[in-house]
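Each number in the numbering used here comes from the position in the sequence shown (counting from 1) with 325 added on.
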Amino acid sequence: MTSYGMAPRGLPAYRDMNVLRWLAAYTASVTGDVVYFLALSWSATRAAGPSQVGLVIAAGALPRAVLMLGGGVVADRFGPRRVAVAGDATRCVVILAAAATVLLISPNLWLLIPVALVFGVVDAVFMPAVGALPPRITAPEQLARVQGMRGLSIRLSNAVGPLLAGVVLATGGAAAALAVAGALFAVSLALLLTVRVPPLVSIPRTASARSELVDGLRYIRRHRMLAPLVTVIGLSEMCFSGPVAAGLVLLADERGWGAAGMGWIASAFSVGAAAAALLLAVRARVPRAGPAMSGALFITAVGAVALGHARSLPYAVAFGALIGLTSGITAAVTGALVQTETDPRYLGRVTSVTTLCALGLAPVFFPVAGVTVAVCGAAMFFTVCGGICLLAAVFGVAVPVLRRAELQKPGAEPAPSASASPPESASPSAPAPPSESASTSESASAER
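This is the structure we're talking about:
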């Protein structure tokens with residue numbers, strides 16, 4: 326296993342070139358993801374018809390969800406930067422090879438399914454690794470700001486990616502779109518290679534990968550802050566990691582607003598989320614992070630119920646913007662709290678669990694959304710979503726450690742870990758992670 330020192334205090338995140346290089350790499354990667362998925366769906370539609378698109382997408386989504394926790398183990402064992410670089414390189418090679426193949430022969434399911442499968446496996450390793458990098462490259466008090474910057478990156482990628490994919494698909498076809506996605510992964514790879522992290526210290530590995538996975542899950546379960554925090558993340562993402570997107574389509578259809586109405590609501594949601602990300606990127610920290618998280622969840626719950634019962638499109642658009650704003654605040658605050666509280670040795674495994682909550686389980690809830698709306702109507706579906714968010718808010722208020730949760734103030738010393746006790750499976754002979762002072766010299770030389 327490897328262990329890293331935490332990044333030393335220095336420049337604000339938006340002026341730190343190391344952080345900005347990571348952010349640019351992340352933006353290129355997410356944009357490449359968007360272009361790739363649209364090119365894959367388009368190719369599947371042309372090759373086998375709309376009925377087979379779901380099969381191709383599932384071929385990538387299933388291994389990503391199943392292997393996500395294992396990806397966290399790999400990130401902790403070999404180091405998140407090394408794993409992220411290897412993941413980007415593999416994705417680049419696979420997608421460029423697929424582009425060359427599609428250029429030579431017509432796309433078919435026997436080509437698209439293996440590509441989706443390999444991409445999903447690599448994604449399961451890449452996502453926990455790249456998500457675990459921020460605490461390595463910035464100070465703890467900058468993590469909320471970095472989460473806001475990351476949110477802006479995602480919104481930008483989700484806005485630019487479809488436009489870029491549409492233009493390239495229309496002018497050059499699927500091969501050109503896949504080539505563009507591969508080029509974006511190459512850009513991400515080049516930028517990741519320039520990101521510097523504090524020096525790693527090798528720790529002898531005696532445990533198996535399975536033991537390390539169990540150790541990571543045990544670490545979360547025993548941690549006074551992380552255990553309830555991951556529960557809140559799971560509850561809040563249960564509705565907003567995909568099902569609401571499906572619910573919006575069904576709500577617009579039920580109300581007679583059509584595709585244009587659905588687009589207005591979805592755009593309002595994105596604008597609200599971008600506003601939340603911008604707010605957090607500008608502010609140095611979120612005061613009283615625990616109550617802020619629970620309050621945002623409560624407002625999200627009210628907004629979800631109101632959206633489901635809205636009878637006019639303008640009201641629905643307004644509630645969509647409100648939900649985007651408050652859910653964006655919740656995601657950034659919980660992400661910063663997780664990365665602040667987690668021992669550096671477990672960041673990959675903890676990130677894999679939260680990523681699984683946010684993205685990996687979305688395909689499971691899509692059919693649930695469809696069945697609920699078909700049987701009970703869109704209003705009931707959004708009421709259930711609001712009820713789940715309300716449960717998460719109440720849980721955040723009821724658990725004392727969450728109610729008192731704070732993000733580190735600029736210039737303050739790191740708070741002691743909230744972990745109740747070290748994991749049982751930790752090797753007693755393993756040296757402790759390097760102290761902050763031990764990693765300062767190399768990190769300082771990496772700063773501009």
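Built from N, CA and C at the ideal position, the CB exists for glycine as well.
Original post:
How about F690: is its Cβ closer than 7 angstroms to a heavy atom in the ligand FMN?
Top reply: Ligands are entirely absent from the displayed structure, and the ligand FMN is therefore not among its contents.
**OP:** Select from G620, A490, L458 and R543 the residue whose C-alpha is nearest the C-alpha of L727.
**Re:** For L727, the closest of G620, A490, L458 and R543 by C-alpha to C-alpha distance is G620.
Original post:
Between A414 and the rest of its own chain, which residues show a CB-CB distance below 6 angstroms, the 5 nearest in sequence each way excluded?
Top reply: Contacts found: L514.
Original post:
How about A602 and V611: do their beta carbons lie closer than 8 angstroms?
Top reply: In this structure, V611 does not lie closer than 8 angstroms to A602 by Cβ.
Original post:
Beta carbon of D401, beta carbon of G673: below 8 angstroms?
Top reply: For D401 and G673, yes; Cβs fall inside 8 angstroms.
Original post:
Nearest to A641 by CA position, among A591, T659 and T676, is which residue?
Top reply: For the residues A591, T659 and T676, the minimum Cα distance to A641 belongs to A591.
Original post:
Going by beta carbon distance, what residues of the same chain come within less than 6 angstroms of M563, once the five residues before and after it are set aside?
Top reply: I713, listed in sequence order.
**OP:** Using 10 angstroms around the beta-carbon of P692, count the other beta-carbons present and answer buried if the total reaches 16, otherwise exposed.
**Re:** Of the residues assessed, P692 falls on the exposed side of the cut-off, its CB having fewer than 16 other CB atoms within 10 angstroms.
Original post:
Does the beta carbon of L605 come closer than 8 angstroms to any beta carbon on chain C?
Top reply: The structure shown contains no chain C; it is built from a single protein chain.
**OP:** Kindly indicate the opening and closing residues of the alpha helix (DSSP H) around G306.
**Re:** The displayed coordinates of the chain run from 326 to 773. Any statement about residue 306 would go beyond what the structure contains.
Original post:
Where does the unbroken alpha helix (DSSP H) through A495 begin, and where does it stop?
Top reply: Annotation for A495: the continuous alpha helix (DSSP H) segment containing it runs L468 to L517.
**OP:** Classify V726 as helix, strand or coil using the three-state DSSP reduction.
**Re:** In this structure, V726 counts as helix in the three-state DSSP scheme.
Original post:
When we look at the beta-carbon of L551 and count the other beta-carbons within 10 Å, is it buried (16 or more) or exposed?
Top reply: L551 is buried by the Cβ-count criterion.
Original post:
Can you tell me the Cα-Cα spacing of A502 and V440, whole angstroms?
Top reply: Per the coordinates, the alpha-carbon of A502 lies some 14 angstroms from the alpha-carbon of V440.
**OP:** Go ahead and pull the three-state DSSP assignment for S762.
**Re:** Its pLDDT being 34, under 50, S762 is placed unreliably in this model, and the coordinates cannot settle the point.
Original post:
Around the Cβ of C710, are there at least 16 other Cβ atoms within 10 angstroms (buried) or fewer (exposed)?
Top reply: Label assigned to C710: buried.
Original post:
Among residues of its own chain, excluding the 5 on either side of S354, which ones have a beta-carbon nearer than 6 angstroms to its beta-carbon?
Top reply: In its chain, beyond the 5 residues on either side, S513 have a beta carbon closer than 6 angstroms to the beta carbon of S354.
Original post:
Would a C-beta distance cut-off of 8 angstroms place G456 and T665 closer than the cut-off?
Top reply: No, Cβ-Cβ distance for G456 and T665 is not below 8 angstroms.
**OP:** Assign S533 to one of three DSSP states: helix, strand, or coil.
**Re:** Three-state DSSP puts S533 in coil, outside helix and strand.
Original post:
Does DSSP put R610 in a helix, in a strand, or in coil?
Top reply: The three-state secondary structure of R610, taken from DSSP, is coil.
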